[in-house]
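J.:
Numbering (the working numbering), first residue to last: 1 to 257.
Dropping the structure here:
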């Protein structure tokens, strides 16, 4: 039976050990809720993986141990921990070359970018698309994806002008609670500010925001913004837009509101 150990990253010795292990595999340690490892009898890390919310991160297997089938028990334990926390649908961001490895562990690909892919192991996106399809209307449909932290006059200006160019306008909030204003408060502000102009839908975890996009596997951090945007646009164009019949997506900036 494979012995899987949790590494207490708050202890400098163990944190350095994990950082060294990931460094040897061209990865960086990012913020995680829990990090698990499989080690050899001498305490050398052979495989490791972390969990942050509903995202599996910082997964690596030492080159010398890649024929030992260590990924499966590691993922099984991470999935079990997530399940104990009420999370039944997990996502993973990884390099395109690792797609087959994650696929063998039950993940399927949602979006592609040249330097990253987004995968998940459940029906999370499928369920969200079913919800969106119930709100689809006939005509020329457009959408705005916004964080609105908070919803300002600039946001309302964008909504008002966009609504004049389509038959139906949908506003989709970024759902992650990584902003000053919580998701529910931002949603209420959008519903009030968009009243009569657009239909505000529930947000989801399928807007790939810069605040939550992991970069641990990117060799050059300067690629992060473009990679995150490419994934978000690919997921939107491949899944969200068809579900709502969207043919145009609006964007704007409001430096002075």
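Idealized CB from N, CA, C, for every residue including glycine. These numbers come from a predicted model, not from an experiment.
Quick check on residue 262: does DSSP put it in helix, strand or coil?
T.: There is simply no residue 262 to check, as the chain begins at 1 and stops at 257 in what is shown.
J.: Which residues in the same chain have their Cβ closer than 6 angstroms to the Cβ of residue 45, if we skip the five residues on either side of it in sequence?
T.: So the list reads 21, 37 and 39, once near-sequence residues are dropped.
J.: Could you tell me which residues DSSP puts in a beta bridge with residue 11?
T.: Looking at the DSSP assignment, residue 11 forms no beta bridge with any residue, so it has no partner.
J.: Give the C-beta separation of residue 54 and residue 87 to the nearest angstrom, bearing in mind that I take them to be a contact with Cβ-Cβ under 8 angstroms.
T.: About 5 angstroms; that satisfies the 8 angstroms criterion.
J.: Could you compute how far the alpha carbon of residue 229 sits from the alpha carbon of residue 67?
T.: Cα to Cα, the separation comes out at about 35 angstroms.
J.: With three or more beta-carbon pairs closer than 8 angstroms as the criterion, would you say the region 211 to 231 touches the region 181 to 201?
T.: No: fewer than three Cβ pairs fall under 8 angstroms.
J.: From 94, 23 and 89, pick the residue whose C-alpha is nearest to that of residue 214; which is it?
T.: Answer by Cα proximity: 94.
J.: Determine the DSSP secondary structure at residue 137, reduced to helix, strand or coil.
T.: Three-state result, residue 137: coil.
J.: Residue 240: which of 251, 160, 170 and 183 sits nearest, CA to CA?
T.: Out of 251, 160, 170 and 183, 170 has the C-alpha closest to the C-alpha of residue 240.
J.: Is the number of C-beta pairs between the region 240 to 249 and the region 113 to 132 that are closer than 8 angstroms three or more?
T.: These segments touch.
J.: Leaving out five residues before and five after residue 162 in sequence, what residues of the same chain have Cβ atoms less than 7 angstroms from its Cβ?
T.: Around residue 162: 142, 144, 169 and 250.
J.: Relative to the C-alpha of residue 98, which residue among 89, 90 and 109 is closest?
T.: Closest by alpha carbon: 109.
J.: Suppose you measure from the CA of residue 33 to the CA of residue 74; what does that come to, to the nearest Å?
T.: So the alpha carbons of these two residues sit roughly 15 angstroms apart.
J.: Over what stretch of residues does the alpha helix (DSSP H) that includes residue 191 continue unbroken?
T.: Note, residue 191: alpha helix (DSSP H), 183 to 193.
J.: Below 8 angstroms on the Cβ atoms is my contact criterion, and I expect residue 47 with residue 65 to pass it. Report the Cβ-Cβ distance as a whole number of Å.
T.: Sure, about 6 angstroms apart at Cβ, within 8 angstroms.
J.: Which same chain residues end up closer than 6 angstroms to residue 118 when comparing Cβ atoms and leaving out the 5 residues on each side of it in sequence?
T.: 93, 110, 111 and 231.
J.: Starting from the Cα of residue 82, find the closest Cα among 35, 174 and 2 and give me that residue.
T.: When each option's Cα is compared against that of residue 82, the closest is 35.
J.: Tell me which residue opens and which closes the alpha helix (DSSP H) that residue 25 is part of.
T.: Unbroken run through residue 25: none, as it is neither H nor E.
J.: Ignore the nearest five residues each way along the sequence and tell me which others in residue 62's own chain have a CB closer than 6 angstroms to its CB.
T.: Taken in chain order, the residues that qualify are 46.
J.: Assuming residue 148 contacts residue 182 under a Cβ cut-off of 8 angstroms, what Cβ separation, rounded to an integer in Å, is found between them?
T.: In fact, because the Cβ distance is near 12 angstroms, the residues do not count as touching under 8 angstroms.
J.: According to DSSP, is residue 67 helix, strand or coil?
T.: Of the three classes helix, strand and coil, the one that applies to residue 67 here is coil, per DSSP.
J.: When you compare the CB positions of residue 244 and residue 155, do they come within less than 8 angstroms of one another, or not?
T.: No, the Cβ-Cβ distance between residue 244 and residue 155 is not below 8 angstroms.
J.: Report yes if the C-beta distance between residue 185 and residue 212 is below 8 angstroms; otherwise report no.
T.: No, Cβ-Cβ distance for residue 185 and residue 212 is not below 8 angstroms.
J.: What runs of the alpha helix (DSSP H), each 4 residues or longer, lie entirely inside the region 221 to 245?
T.: Complete alpha helix (DSSP H) runs here, min 4: 224 to 235 and 241 to 244.
J.: On the CB-based measure, 16 or more other CB atoms within 10 Å of its CB, does residue 10 come out buried or exposed?
T.: Per the 10 Å Cβ criterion, exposed.
J.: Between which two residues does the alpha helix (DSSP H) harbouring residue 161 extend?
T.: Looking at the DSSP string, the run of the alpha helix (DSSP H) that includes residue 161 is 153 to 163.
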